[in-house]
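Convert by adding 310 to the 1-based position in the sequence shown; the result is the number in my numbering. A virtual CB, placed ideally from N, CA and C, is assigned to each residue, including glycine.
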Amino acid sequence: MIDVRPLRGVAYRRMWIGNGVSYFGFQFTAVAVPVEMFAITHSSAWVGLLGIAGLVPLLIFGLWGGAAADVVDRRKLLLASSTLAWLSTVGLLVQALLGARSGVLLLVLTAVQSAGFAISSPTRQAIIPRIVPTALVPAANTLAYTTTTAGGVLGPLAAGLIFGTWSTGAGVTIAYAVDAVLFTISFWAAYKLPPIPPVHEDGLAEKPTAGLRGIADGLRFLAIQPVLLLSFAIDIIAMVLAMPRALFPEIAEDRFGGGAAVGWLFAAIAIGSVVGGLTSGWIGRVRRQGVALVVAVVVWGVAVGLAGLASSLWLMVLLLAVGGAADLVSAVYRQSILQVYAPDRLRGRLQGVFTVVVAGGPRLGDLRAGATADVTGPVASWVGGGFAAAGLAVVLALAFPALGRYRPPADIPANR
Numbered sequence: 311m312i313d314v315r316p317l318r319g320v321a322y323r324r325m326w327i328g329n330g331v332s333y334f335g336f337q338f339t340a341v342a343v344p345v346e347m348f349a350i351t352h353s354s355a356w357v358g359l360l361g362i363a364g365l366v367p368l369l370i371f372g373l374w375g376g377a378a379a380d381v382v383d384r385r386k387l388l389l390a391s392s393t394l395a396w397l398s399t400v401g402l403l404v405q406a407l408l409g410a411r412s413g414v415l416l417l418v419l420t421a422v423q424s425a426g427f428a429i430s431s432p433t434r435q436a437i438i439p440r441i442v443p444t445a446l447v448p449a450a451n452t453l454a455y456t457t458t459t460a461g462g463v464l465g466p467l468a469a470g471l472i473f474g475t476w477s478t479g480a481g482v483t484i485a486y487a488v489d490a491v492l493f494t495i496s497f498w499a500a501y502k503l504p505p506i507p508p509v510h511e512d513g514l515a516e517k518p519t520a521g522l523r524g525i526a527d528g529l530r531f532l533a534i535q536p537v538l539l540l541s542f543a544i545d546i547i548a549m550v551l552a553m554p555r556a557l558f559p560e561i562a563e564d565r566f567g568g569g570a571a572v573g574w575l576f577a578a579i580a581i582g583s584v585v586g587g588l589t590s591g592w593i594g595r596v597r598r599q600g601v602a603l604v605v606a607v608v609v610w611g612v613a614v615g616l617a618g619l620a621s622s623l624w625l626m627v628l629l630l631a632v633g634g635a636a637d638l639v640s641a642v643y644r645q646s647i648l649q650v651y652a653p654d655r656l657r658g659r660l661q662g663v664f665t666v667v668v669a670g671g672p673r674l675g676d677l678r679a680g681a682t683a684d685v686t687g688p689v690a691s692w693v694g695g696g697f698a699a700a701g702l703a704v705v706l707a708l709a710f711p712a713l714g715r716y717r718p719p720a721d722i723p724a725n726r
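Rendered as structure tokens:
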């Protein structure tokens, strides 16, 4: 069963609670924005453009936010970036109340929200190895992913219930309001963290900066670390090719009659992640983490591909859930490899790159899925992407064996 030892630490426990509750609220917005966009434009291509609107700020602010996390107190940076994300949620609520019905405005607010996330995410992840020992980093990441994906189950299901009960206009307004209220919990979690100033590990290390030089230092370190590069590459393959999220509104409406079906589709991957997390006690005991990462990505791709062929809603949900369980395993190993591999003075910058890859990949996947669906149809876009991701993951692992050989180092205490 899941390893809960990291919850014994007060700092980690508070952050775990705050992130879990706020992520549950965010799922209402994650469903409402594409639903509202499709209702306004009746085009999956426009839904896919939400991915680009989120990607551009990630590329800019993800790298800068990671560099800033190595220079300033990470607690203060987390508070500031969370405020920006919350304001964008309030903006979504206001435009829904006013009945703006503007696809362009949705793209702009999505971009602002993405900027806040791009700064807060690497900051939050860089905090974890400072508050738990190295041996418990995989367990801490598993707890975090399991809790957020539990929100990813309950949030879309609740959102689906809202859209099945109210009209689209009323539904999106309620969804944005719930997110805005619950987001305040993340402020409490960040405020209660202890100060986390930069750590200078030795007298010879150059003081990091939040400018281009600091970002370049992190990229130079990354360029000579094949294990990290390969872990990023395999995630890009998995998300860009196999993420079917932009197709959920169209498939739900055309194949299952709309209504609550869209909530089930958005929740399905998270359902599998929760089940995988609750049975994840074995994850921290695996030494060949690189091999486990490759296998997990292959299972994800195959499960997604088969889900696209399902004619039953429940079979589609089940197969997406299998993919979600595999995705949780791959996510834990990718995050843990980076957090253990990187020294603390570079951890924020590398987490910034990680944020760009992990959060940018699904957004590119949204664009790919939406654009391909307009040309080949949603089924071909969905199924072909899943199987292509599984095949390319195997090719990458065979062509570059460094990832398969990776094993984690011996334990290192927290707060180093």
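Subject >> Length of the line joining the Cα atoms of residue 444 and residue 650 >> reply: For residue 444 and residue 650, the distance between alpha carbons rounds to 7 Å.
**OP:** Could you work out which residue in 380, 407, 364 and 489 is closest to residue 330 when comparing CA atoms only?
**Re:** Of 380, 407, 364 and 489, the residue nearest in Cα terms is 489.
**OP:** Please state whether DSSP places residue 628 in a helix, a strand or coil.
**Re:** The DSSP-derived three-state label of residue 628 is helix.
Original post:
alpha helix (DSSP H) containing residue 337: first to last residue?
Top reply: Here the alpha helix (DSSP H) through residue 337 covers 320-351.
**OP:** Can you tell me the Cβ-Cβ gap for residue 500 and residue 317, rounded? I've got them flagged as a contact below 8 Å.
**Re:** Residue 317 and residue 500 do not touch by the CB rule: their CB atoms are close to 18 Å apart, not below 8 Å.
Subject >> Rounded distance between the beta-carbons of residue 593 and residue 452, thought under 8 Å >> reply: Contact annotation, residue 452 with residue 593: C-beta distance approximately 6 Å; criterion of less than 8 Å satisfied.
**OP:** Assign residue 549 to one of three DSSP states: helix, strand, or coil.
**Re:** The answer is helix: DSSP assigns residue 549 an H, G or I state.
**OP:** Kindly indicate the opening and closing residues of the alpha helix (DSSP H) around residue 482.
**Re:** For residue 482, the enclosing alpha helix (DSSP H) covers residues 478-492.
Original post:
With a cut-off of 8 Å, does the C-beta of residue 364 fall near any C-beta of chain C?
Top reply: Chain labels in this structure do not include chain C; a single protein chain is all it has.
**OP:** Taking 8 Å as the cut-off, decide whether the C-beta atoms of residue 474 and residue 570 are in contact.
**Re:** Cβ distance < 8 Å, so residue 474 and residue 570 count as in contact.
**OP:** Output the distance between the C-alpha atoms of residue 342 and residue 407, rounded to the nearest integer angstrom.
**Re:** For residue 342 and residue 407, the gap between their C-alpha atoms comes out near 13 Å.
**OP:** Determine, using beta carbons only, whether residue 634 and residue 312 come nearer to each other than 8 Å.
**Re:** Remark: C-beta atoms of residue 634 and residue 312 do not approach each other more closely than 8 Å.
Original post:
Does the Cβ of residue 564 have 16 or more other Cβ atoms within 10 Å, making it buried, or fewer, making it exposed?
Top reply: Residue 564 should be labelled exposed.
Original post:
With a CB to CB cut of under 6 Å and the five nearest residues on each side skipped, what residues in its chain are close to residue 638?
Top reply: If we look at residue 638 and ignore the five residues flanking it on each side, its Cβ neighbours are 455, 583, 586 and 587.
Subject >> Which of helix, strand or coil DSSP assigns to residue 473 >> reply: The answer is helix: DSSP assigns residue 473 an H, G or I state.
Original post:
residue 591: buried (16+ other C-beta within 10 angstroms of its C-beta) or exposed?
Top reply: So residue 591 counts as exposed.
Original post:
For the alpha helix (DSSP H) that residue 576 lies in, which residues bound it at each end?
Top reply: Unbroken alpha helix (DSSP H) run through residue 576: 571-588.
Original post:
Just the Cα atoms here: how many angstroms apart are residue 722 and residue 414?
Top reply: With a pLDDT of 49 at residue 722, under the threshold of 50, the predicted position of this residue should be treated as unreliable, and no value is reported.
Subject >> Own chain residues within Cβ distance below 6 Å of residue 375, not counting five before or after >> reply: 428, 429, 432 and 662.
Subject >> Proximal residues to residue 673 (C-beta, below 6 Å), its chain only, five neighbours per side dropped >> reply: The residues 361, 364 and 365, in chain order, have a CB closer than 6 Å to that of residue 673 in the same chain once the five nearest residues on each side in sequence are set aside.
Original post:
Is DSSP giving residue 525 helix, strand or coil here?
Top reply: Helix, per DSSP.
**OP:** Return the first residue and the last residue of the alpha helix (DSSP H) that residue 568 is part of.
**Re:** Segment: none, residue 568 is in no alpha helix (DSSP H) and carries neither H nor E.
Original post:
Which residue comes first and which comes last in the alpha helix (DSSP H) that contains residue 687?
Top reply: Segment: none, residue 687 is in no alpha helix (DSSP H) and carries neither H nor E.
**OP:** Can you tell me the Cβ-Cβ gap for residue 541 and residue 656, rounded? I've got them flagged as a contact below 8 Å.
**Re:** Contact doesn't hold; Cβ gap of about 16 Å is too wide.
Original post:
Straight-line CA distance for residue 404 to residue 347?
Top reply: Cα-Cα distance, rounded: 16 Å.
Original post:
Is residue 724 buried or exposed, if buried means 16 or more other CB atoms sit within 10 Å of its CB?
Top reply: With a pLDDT of 48 at residue 724, under the threshold of 50, the modelled position of that residue is not reliable, and no figure is offered here.
**OP:** State the Cα-Cα distance for the pair residue 514 and residue 667, rounded to the nearest angstrom.
**Re:** Because the pLDDT at residue 514 is just 48, under 50, the model does not fix this residue reliably, and the value given afterwards should be weighed accordingly. Distance from the CA atom of residue 514 to the CA atom of residue 667, rounded to whole angstroms, is 31 Å.
Original post:
If you pair each beta-carbon of the region 554-564 with each one of the region 600-608, do three or more pairs fall below 8 Å?
Top reply: Flag = no, the region 554-564 and the region 600-608 do not touch.
Subject >> Span of the alpha helix (DSSP H) around residue 392 >> reply: Element bounds for residue 392: 384-408.
**OP:** Decide if the region 610-621 is in contact with the region 689-706; the criterion is three or more beta carbon pairs, one per stretch, under 8 Å apart.
**Re:** In the pairwise beta carbon analysis, the region 610-621 is classified as touching the region 689-706: at least three pairs are separated by under 8 Å.
**OP:** Please classify residue 716: does DSSP put it in a helix, a strand, or coil?
**Re:** It is coil, neither helix nor strand.
Original post:
Of all the options 682, 653 and 705, which has the alpha carbon lying nearest to the alpha carbon of residue 532?
Top reply: Looking at the Cα atoms, 653 is the closest of the given residues.
Original post:
Counting only runs that start and end within the region 598-678, where is the alpha helix (DSSP H) found for 4 or more residues in a row?
Top reply: Runs found: 599-617 and 623-651.
Subject >> Three CB pairs or more closer than 8 Å across the region 615-630 and the region 704-713 >> reply: Contact between the region 615-630 and the region 704-713 is absent, because fewer than three Cβ pairs lie under 8 Å.
**OP:** Spatial neighbours of residue 417 within its chain, please: CB distance less than 7 Å, with the 5 preceding and 5 following residues excluded, ordered by chain position.
**Re:** Excluding residues within five positions, the ones whose Cβ falls inside 7 Å are 359, 360 and 363.
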